[in-house]
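Right, one structure below, let's go through it.
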Amino acid sequence: MMTMNPDFKKLQQRTKRYWYTDGLNEIAFGLICLILSLYFLAQVLLPQDSILSNLLTAGFVLLVLGSALLTRRIVTYVKERLTYPRTGYVSYAKSGTRQRWVTAFLAMVFAALITAFFATHPTSLAWMSAVSGSVFAAVWAVLGYRLGLPRFYFLAGAALILGAIPTLTGMQEILGLATFYGLISLAMFVSGGLALKSYLEHTHPATED
Amino acid sequence: MSEERHSLTDIDRLIHEPARLMIIAILYAVESADFLYLKRETQLTKGNLSSHLSRLEDAGYVEIEKTYQGKVPLTICHLTQNGRQAFETYRDQIKSFVDNTLV
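Chains as they are written, first to last, in the numbering used here: chain C, 1 to 209; chain W, 1001 to 1103.
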């Protein structure tokens, strides 16, 4: 006889965090951070006002959006072949138009505030990696709390520490960002890789009953 | 009959059955889930899950669609608006009953 789990809240929370169960999202997000790290490193290494440097600066938004779209496609592709045949398919309701606009508006306000602060306080540029780390930490902590995923708290702590390192060591700001994104991508590869390893060890492709 | 007792006897017995309640609770949290996911999470046998899903489908609470995700054949289940409404009503009734119970 089967055992009924009376904790429906946990059942629903497990369903909501299923998207993150295989670690693929962290690996994909780590890939985006690695691209960003290489982008900032190129900015440091390339001579200022060189054609390549200007091209990189102009193409920043395109680079971020392109890598986000590409990694999303890769995640979906891998999930179709790895996750869904093992533990099943779940799709999540997209947030409503109003909620998306509110999120986009808040993100723009936040970005504008940060930009204005750095523009009016040039010495505070040294804090860029620490601020980036704090933003990452806040996002991971909220996700960890909402989904009940302890490894996201580890990522939040890592983001906070890794963001503070370049600032506290007095690293030049762009190099500091390159270092932060490089290190946080490594943390995400480790976290995602371990989650994926554990997922593969504990699951097997479904067989017909 | 008191209002509380009346509200308890009015409970939707189709949802009240534990296995179906698990299915509905899962589907309520997402847009849709496939047969394999539901089977793993509820730990029901294939036959039992099919039977419960059929009953929920007959009641108009769940819609079942056979489709493909890439090349993988999927049996996708999702709650209908009626199903969502029924679950919310059930939840409110149970909560109200528990709230009015002495500890």
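All residues carry an ideal CB built from backbone N, CA and C; glycine is no exception.
Between the alpha carbons of THR167/C and PHE118/C lies a distance of about 14 Å. In the three-state DSSP reduction, GLU1017/W falls in the coil class, being neither helix nor strand. Rounded to whole angstroms, the separation of the alpha carbons of THR120/C and ALA1025/W is 51 Å. Taking a Cβ-Cβ cut-off of 8 Å, ALA141/C has no neighbours in chain W, whose nearest Cβ is about 22 Å from it. Just so you know, the alpha carbons of ARG1091/W and TYR20/C end up roughly 28 Å apart. Taking 9 Å as the Cβ-Cβ cut-off, the region 1033-1048 of chain W approaches chain C at ALA1033, ASP1034, PHE1035, LEU1036, TYR1037, LEU1038, LYS1039, ARG1040, GLU1041, THR1042, GLN1043, LEU1044, THR1045, LYS1046, GLY1047 and ASN1048, given in chain order. Note on TYR84/C: 16 or more other CB atoms within 10 angstroms of its CB, so buried under the neighbour-count rule.
Rounded to the nearest whole angstrom, the CA to CA distance from LYS1066/W to ASP1034/W is 9 Å. Contact between the region 126-145 of chain C and the region 156-165 of chain C is present, with at least three C-beta pairs closer than 8 Å.
Contact between the region 44-60 of chain C and the region 89-100 of chain C is not established, with fewer than three Cβ pairs separated by less than 8 Å. Distances from the CA of LEU31/C to each of PHE189/C, GLY170/C, ALA141/C and VAL102/C were compared; the closest alpha carbon is that of PHE189/C. Restricting attention to alpha helix (DSSP H) runs no shorter than 4 residues, the region 20-96 of chain C encloses them at 24-45, 51-58, 60-82 and 84-87, ordered along the chain.
One finds PHE8, LEU11 and GLN12 in chain C with Cβ atoms closer than 8 Å to the Cβ of ALA1025/W, taken in chain order.
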